[in-house]
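Peer 1: First residue of the sequence shown? That's 19 in the working numbering, and the numbers climb one at a time after it.
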Amino acid sequence: MCGIVAAASQNNVVNILADGLKHLEYRGYDSAGIAVIENENIHSYKKEGHVSELTSILGKDLASNIGIAHTRWATHGKPSEANAHPHISENSIAIVHNGIIENYIEIKEKFFKNIKLESETDSEVLAHLINFYAKDNNILDAVHSALKEVKGSYAIAVLDKNNSSEIIVARHGSPLIIGVGEDSNFIASDAHALIEHTNQFIYLDDGDMASVSSSEINIFDKDKNSVNREIKKSNISLGSNSKNGFEHFMLKEIFEQPEAVKATIQDRIINNSVPKEILGPSAEKYLDGFKVVQIIACGTSYHAALLAKHWFEKLAGIPCQAEIASEFRYRKHAVQPGTLSICISQSGETADTLSALRQIKEEKNYIGTIAICNVPESSIARECDSTLITHAGPEIGVASTKAFTTQLVALMLLIIVLGKNFEISEEIEKSLCEQLQTLPEKIKSTLDLDQEIAELSKIFSNKEHALFLGRGSHFPIAREGALKLKEISYIHAEAYAAGELKHGPLAIVDENMPVVAVAPNNVVLEKLKSNLEEVKARGGKLYIFADKKAGFKSDEISQVFEIDAPLNPVAPILFTIPLQLLAYHCAIIKGTNVDMPRNLAKSVTVE
Ligand code: F6R
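1) Can you give me the C-alpha to C-alpha distance between Cys-361 and Ile-123, rounded to a whole angstrom?
2) In angstroms, rounded to a whole number, what distance separates the CA positions of Ala-484 and Ala-516?
3) Within the structure, which residues are defined as neighbours of the ligand F6R by a Cβ-heavy atom distance below 5 Å, reported in chain order?
4) For Lys-547 and Leu-429, I'd like the C-alpha separation in whole angstroms.
5) Between which two residues does the beta strand (DSSP E) containing Ile-113 stretch?
6) Would you mind reading off the limits of the beta strand (DSSP E) that contains Ser-252?
7) From Gln-425, Ile-446, Thr-216, pick the residue whose C-alpha is nearest to that of Ile-313; which is it?
8) Below 8 Å, can you find three or more Cβ-Cβ pairs linking the segment 368-386 to the segment 293-307?
9) How would you write the range of the beta strand (DSSP E) that Arg-189 sits in, first residue to last?
10) Quick check on the burial criterion: 16 or more other C-beta atoms within 10 angstroms. Buried or exposed for Asp-140?
11) Is the beta carbon of Val-311 less than 8 Å from the beta carbon of Val-435?
12) In or out: Tyr-47 buried (at least 16 other Cβ within 10 Å) or exposed?
13) Measuring straight from C-alpha to C-alpha, what distance separates Leu-431 and Ala-326?
14) Determine the direct distance from the alpha carbon of Thr-594 to that of Val-542, and round the result to whole angstroms.
15) Identify whether Pro-615 lies in helix, strand or coil by the three-state DSSP scheme.
16) What three-state label does DSSP hand Gly-77 in the structure shown?
17) Taking three-plus beta-carbon pairs below 8 Å as touching, is the segment 99-117 in contact with the segment 137-151?
18) Would you mind sorting Asn-101 into buried or exposed? The rule is 16 or more other CB atoms within 10 Å of its CB.
19) Whole-angstrom Cβ separation of Pro-4 and Ile-461, contact assumed at under 8 Å?
20) In terms of residue numbering, what span does the beta strand (DSSP E) encompassing Asn-59 cover?
21) If you measure between the beta carbons of Gly-85 and Ser-137, is that distance less than 8 Å?
22) Give me, in chain order, the residues of the same chain whose beta-carbon lies closer than 6 Å to that of Lys-608; leave out the 5 immediate sequence neighbours on both sides.
23) What's the gap between the Cα of Ser-404 and the Cα of Lys-250?
24) Touch check for the segment 523-543 and the segment 556-563: three-plus C-beta pairs under 8 Å?
25) Quick one: using the 10 Å Cβ neighbour count with 16 as the cut-off for buried, is Ala-81 buried or exposed?
26) Is Met-268 helix, strand or coil by DSSP?
27) Using DSSP with H/G/I as helix, E/B as strand and the rest coil, what is Phe-629?
28) Between the beta-carbon of Glu-505 and the beta-carbon of Ala-417, is there less than 8 Å?
29) Which of helix, strand or coil does DSSP assign to Met-430?
30) Got a sec, what are the start and stop residues for the beta strand (DSSP E) Gly-51 sits in?
31) When the Cβ atoms of the segment 209-218 are set against those of the segment 39-56, are three or more pairs found closer than 8 Å?
32) Label Glu-341 either buried or exposed according to how many other C-beta atoms from any shown protein chain fall within 10 Å of its C-beta, with 16 as the threshold for buried.
33) To which residues of the same chain is Tyr-514 closer than 7 Å at the C-beta, ignoring the five residues directly before and after it?
Now the structure itself:
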């Protein structure tokens, strides 16, 4: 969380920093700030709120060849101007920081007992610590010494008043990249912030530091040995940050799903078969020897894991566990020998998932690791043995939509490959491939429900609570629907396996409780119908998203939305679409900030 952008140039960097921050706002948007060196002094500007609040106070004639900037997602200390970055020590050192300094109180006690801090942040303490070491050292050595004292995670960019040509950067556990330009060099949390200026990037390794000037980049490892890191060309296109005529990124991303799914299966299905080569050469290490699968993820990606568990067990007969990364990393595990681990992450930088992955790599009973990820250069994608990239394209809206559906598609491709040594026959493989190939068209038809759902939202958005019900492989879809609704419309929503209703939640059903049901035409349809009768009998209002062959009819208590979702394993993907639209339209009516909902950020790089 938090976005960093910095630049050293022969030209004015102020607009580069301001534009970069706008592209990074998805990482945090509760306050923003910028610091530049002008006339041998550090000048800093900070504002609570969105980046636009900050840019409105930057004078038109503000000019500098070097600067650092930050957009914040609060961890230590509430959103406020004082807690916004950059943090400055004695008008000499300015830093921007992403991550958490876990031992900042100990550092304060040890070094600065009598200093009154200006903010409530851990980051300010780091600024003072660097300044402390800078009194007797050059700035690179000072940053190195300060970071030796630090426990936690960080990506930092540091300005030194006495060295107006260089920015010092370092990373450990939080992402940071260097953009290589002609007469400028740049630093950012991710490539989108810089793509208007360069497509050449250096991805720093964990523990790296660098000094960056307009003409030189020098990189050092954690022991301060000079090292070379490869310059990579990014495929991100200039247009990928734009809304393309849609009112919000989220709506654009919902409507991009047919193309995103197509891109994710492209070249991976050949003659109705999925070649094992999609996993790369490292797959040889685990393909023949794995016995069970364990999936680790957070949030929406965890919901993809829950559905994949159904698929692994039902289609391939492969035992599969799905784990929430933040829980997994702090408990003891009994790992079966031959366990294959799969990490699902849109961003590839989620701290809990990354940390779980690193634990897994230390444990001998794991045979291999696979990433399902949307960002090829991310830490998770780079650290797993194999990576299956979801070709969703950049997802800017904080609420995950196309990343989820493409994760499911990538998981299905993976199950086909892994399942060939288990219960996936040629016939099943062919059928699954055919289903995947018709999915883009089916998603397109499901998107036609948009206007109908916009109408429904007029009633729904007045509600304070909602229940989402599903069964079997559609229960994860109900959970995802509830998560989407609460995160962007702030309506409290919970999902239950429909059969669980009578074990407690039925108590909260009355005429004010809307109940959303996901109703495929499958073996548990009749069971689901009985569960919905239980709701009707208590006066609950039903909104049923049903396969058109499931035989539901609208009446005074239930409203039915028909979906053409033939009875096959990929059907749950189709039921996701109307729930995304429901959340979107409710949020529009409620007037929330759809793309940047309160208290959230896109990339959760802190614990
Ligand atoms: C919800 C959402 C989050 C993410 C979660 C994991 O819409 O986007 O729940 O799914 O923070 O993020 P990734 O997939 O980047 O690891």
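Positions of the beta carbon are idealized from the N, C-alpha and C atoms, including for glycine. Being a predicted model, the structure only gives us computed values, none of them experimental.
Peer 2: So, to answer that:
1) Answer to the nearest angstrom: the Cα atoms are 33 Å apart.
2) 14 Å
3) Cys-316, Gly-317, Thr-318, Ser-319, Ser-363, Gln-364, Ser-365, Thr-368, Ala-417, Ser-418, Val-622
4) The alpha-carbon separation between Lys-547 and Leu-429 amounts to approximately 30 Å.
5) Per DSSP, Ile-113 belongs to the beta strand (DSSP E) from 111-119.
6) Ser-252 -> no beta strand (DSSP E), and no H or E assigned at all.
7) Answer by Cα proximity: Gln-425.
8) They touch, by the three-pair rule.
9) 181-190
10) With 16 or more Cβ atoms within 10 Å of its Cβ, Asp-140 is classed as buried.
11) Not in contact: Val-311 and Val-435 (Cβ atoms no closer than 8 Å).
12) buried
13) About 11 Å.
14) Roughly 19 Å separates the two Cα atoms.
15) coil
16) coil
17) yes
18) buried
19) The requested residue 4 is not part of the displayed model; the chain covers only 19 to 625.
20) 59-66
21) no
22) Ser-479, Ser-507
23) 19 Å
24) yes
25) exposed
26) DSSP places Met-268 in the helix class (H, G or I) of the three-state scheme.
27) Outside the shown range of the chain, which is 19 to 625, sits residue 629, and nothing can be said about it.
28) yes
29) helix
30) 49-56
31) yes
32) Looking at its Cβ environment, which holds 16 or more other Cβ atoms inside 10 Å, Glu-341 is buried.
33) Once the five neighbours on either side are set aside, the close Cβ partners of Tyr-514 are Leu-485, Leu-487, Pro-523.
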